[in-house]
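First comes the structure, then the notes that go with it.
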């Protein structure tokens, strides 16, 4: 991108995160070319730098889905309106958000088509055809797809009218098998989020009012963003027999009786890219975990006018070695000052910068700068790939630990409702509090503080005492937060 | 899939290919569970067995795109109607085929949205924002996406209302660079089709009447299916400056003048799965090239009632060895007769079947059957993975050679128009004939014979003689065929 272009159409400076988190987020997304606004309201363009992050996220989840016995498939984008209406809660939840296709091939359609907001309806219809006997079960299918939900207020990656996601849809013989699948996926989501995205998450069950439209139970992973607001990062639903009954998905059981299957569905989306930005970023811009950084190492040649002759050949040699060692590396050969390049790649969150100049070549060394700690050290060229690999692993761990520490520092217990309200007004984060289980209290708390129940962890803790808001006995320990 | 299910809703026997090619194709697609019809007219469900083939095709192309400097991105599904109308030929070509979204979020939209039939319009709009200087060029972006073209007559994989594809969109400083990109991609398409799909293709330029709506020139790869009809398997377009002018994509050139960029676009789709089926399949069903077979080897345990105890442990040991060697392998452990399993996996086109019974275990050997030649041989368990790997490579080559031989046997030259018509009535295939370059002749030939010009290879052959239909001097040697 030329400087003229920046000046014309892009943010040139990033608003400091500490000054205005929301502005900072939008600046980072556009200035680092993760995404851009499109001419279609509420829809974004995911630019190559952002899409490369998504590809690494996809690959990590896809490998885990396959390892746990799932296969990919593809179902139609369109859902006949009548199918969406078969499950009563489901249509109630999604109908206000759907986009309708009314004309195709120059003619008005006999039946309007809904663009999938999620695919339970179309997949349920196919499962009813495919499943006949217990021998056909379980069915463990995932699809990577685009979905559309009409949104009034949108924000790149976090909430867009069209987004990319994966949606798993499984069918089982028994409730317990479906529940085991739902929880296995929840664990898988948490594990990939923590190990690949370096984003610590809380696993738990959603309240009735926050569960998926049509599900028996919804579980979620919840992360804490740098501004102390929570982000729902993935959901896993035990659908019970609701969709099976609505779509008539039956099977002949081992005892010859005809039964409805037990279903699950689960998804993560491009929203995770937003989670990565808001978990790790700082005033200078992005900070990317090495496992999903498009470039893990950027090499910046240093030197006077003759750096192309004096330094570049050696830099390319090193680039070749690092690439051969499986490190994602690039050289910035542009005609810009090294200082400009340093800022540029810091802003883009590249985990490691390697500086190489004539003096480094004399010493057969390079200067290596970490993005996360900004520490610099001179490292010998000999064995460089191994040392950088070790540093990348350290950065990955450090980012996770740093985020976990931040999350822990921003998680507290409230003993009284006054204290609860006071916390929510001040330093944000998670607040753990006992809850009676009634939607009325949940709603009142939301009205009073904007905080919602993110989820209720299954950590074996027996709820004790009274609901934080009313005097009824607590039935759960809930994690509250203001959320995206 | 239980037997009851087959009886209820599936083809149980495949119509012999030699008897009815079209019926055979549909039977194979459904019976081997590559795809199924959906409740949405013209849209199919790609089932896991079919989707796994597509994933291997995707991976092969994606690796080549990246190796040649392209990056992936994602643009919106929706295109405001006014954008589609900016390039006159483009809208004329696509408008009759588009689906319109008219309502979203419970309201009628101010401007109708088109569901992308292809993305030149939305991508051109973004390129106009992103490109300012020659330093921003070339832009080499690809996207993997679903597109929608309203079709009256559909056939799974070959022509469906929604399909999956990749579309590359590049922008360059000069015509020659754009032309070089267009041809490089054409070569890449041919190379992956031949080496991974084992599907020989003819590279050439399309006639004016067959080129992409809005392009300067369209090139294609054309394959010959088992029934002698041609399949357009991929297209690469030099867009010239047409879209740049329509979308005002300009840049400041090295000489400081402001110029329009030169564009290309190119795509392959899930249609390739249909090409694989129709290139290699036989009366027994699918024959899959090893490089894209979901399973390259299926192990069938043989034996009497006690095979689970006597044979299965050894079979699993072998499965583990093959998997560790990078071979995609599965054991068929179902309670069915071995003969039934043999037919099932032959039909599903698995390249190699490994039979293992008590006597094989005594001899420390297995029986290996090739799907392509049906040859059987006993192979020692020791070193089995290496031998199977070699066999898989041989099958891959053999399938390609067999298809090329078929193509060559079904390609001939016509000297007179009577001869041309005679050939087209009889044994189908490619017919090479000189052509004057006029659309009138092309149309007349199509009306007389149903054959269209597939493309005109750039093989350095100087056209000689007169047009096959009129007396004007030939300007090209064209490859004609009846096509899908």
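Residue numbers (the numbering used here), protein chains in the order written: chain A, 487 to 970; chain B, 487 to 970. Every residue, glycine too, gets a C-beta built ideally from N, C-alpha and C.
For residue i, the three-state DSSP class (helix, strand or coil)
i                     : result
residue 670 (chain A) : helix
residue 495 (chain B) : A caution first: residue 495 (chain B) carries a pLDDT of 41, below 50, which makes its placement in the model unreliable, though a value can still be read off. In the structure shown, residue 495 (chain B) sits in a helix (DSSP, three-state: H, G or I).
residue 708 (chain B) : strand
residue 649 (chain A) : strand
residue 764 (chain B) : helix
residue 551 (chain A) : helix
residue 636 (chain B) : coil
residue 940 (chain A) : strand
residue 856 (chain A) : strand
residue 579 (chain A) : helix
residue 490 (chain A) : Reliability of the predicted coordinates at residue 490 (chain A) is poor, the pLDDT of 43 falling under 50, and no value is obtained from them.
residue 644 (chain A) : coil
residue 501 (chain B) : coil
residue 686 (chain B) : coil
residue 884 (chain A) : helix
Interface flag, residue i vs chain B, CB-CB below 9 angstroms
i                     : result
residue 781 (chain A) : no
residue 540 (chain A) : yes
residue 530 (chain A) : yes
residue 494 (chain A) : Any reading at residue 494 (chain A) must be qualified, since the residue scores a pLDDT of 39, below 50, and its modelled position is unreliable; the value itself is stated next. Closer than 9 angstroms: yes.
residue 813 (chain A) : no
residue 886 (chain A) : no
residue 802 (chain A) : no
residue 587 (chain A) : yes
residue 726 (chain A) : no
residue 601 (chain A) : yes
residue 591 (chain A) : yes
is_contact[residue i, chain A] using C-beta, thresh 9 angstroms
i                     : result
residue 743 (chain B) : no
residue 547 (chain B) : no
residue 533 (chain B) : yes
residue 754 (chain B) : no
residue 572 (chain B) : no
residue 751 (chain B) : no
residue 637 (chain B) : yes
residue 846 (chain B) : no
residue 894 (chain B) : no
Top-ranked residue by Cα proximity to residue i, from the options
i                     : options                    : result
residue 713 (chain A) : A:895, A:838, A:699, A:946 : A:895
residue 907 (chain A) : A:897, A:929, A:883, A:936 : A:936
residue 799 (chain B) : B:967, B:785, B:705        : B:785
residue 789 (chain A) : A:648, A:904, A:821, A:671 : A:821
residue 860 (chain A) : A:728, A:885, A:849        : A:885
residue 513 (chain A) : A:628, A:642, A:622        : A:642
residue 637 (chain A) : A:583, A:622, A:576        : A:583
residue 671 (chain A) : A:555, A:915, A:827        : A:555
residue 733 (chain B) : B:572, B:963, B:929, B:917 : B:572
residue 846 (chain A) : A:828, A:511, A:787, A:762 : A:787
residue 515 (chain A) : A:552, A:770, A:966        : A:770
residue 916 (chain B) : B:696, B:898, B:813        : B:898
Whether residue i touches residue j by CB criterion (9 angstroms)
i                     : j                     : result
residue 952 (chain A) : residue 920 (chain A) : yes
residue 783 (chain A) : residue 816 (chain A) : yes
residue 971 (chain A) : residue 707 (chain A) : Residue 971 (chain A) falls outside the range modelled here, since chain A spans only 487 to 970, and no answer is possible.
residue 526 (chain A) : residue 647 (chain A) : yes
residue 748 (chain A) : residue 660 (chain A) : yes
residue 635 (chain A) : residue 580 (chain A) : yes
residue 901 (chain A) : residue 682 (chain A) : no
residue 719 (chain B) : residue 687 (chain B) : yes
residue 619 (chain B) : residue 737 (chain B) : yes
residue 628 (chain B) : residue 558 (chain B) : yes
For residue i, the residue or residues it bridges with in DSSP
i                     : result
residue 530 (chain A) : A:523
residue 599 (chain B) : B:566, B:587
residue 959 (chain B) : B:952
residue 783 (chain A) : A:815, A:838
residue 917 (chain B) : B:898, B:966
residue 631 (chain A) : A:651
residue 560 (chain B) : A:532
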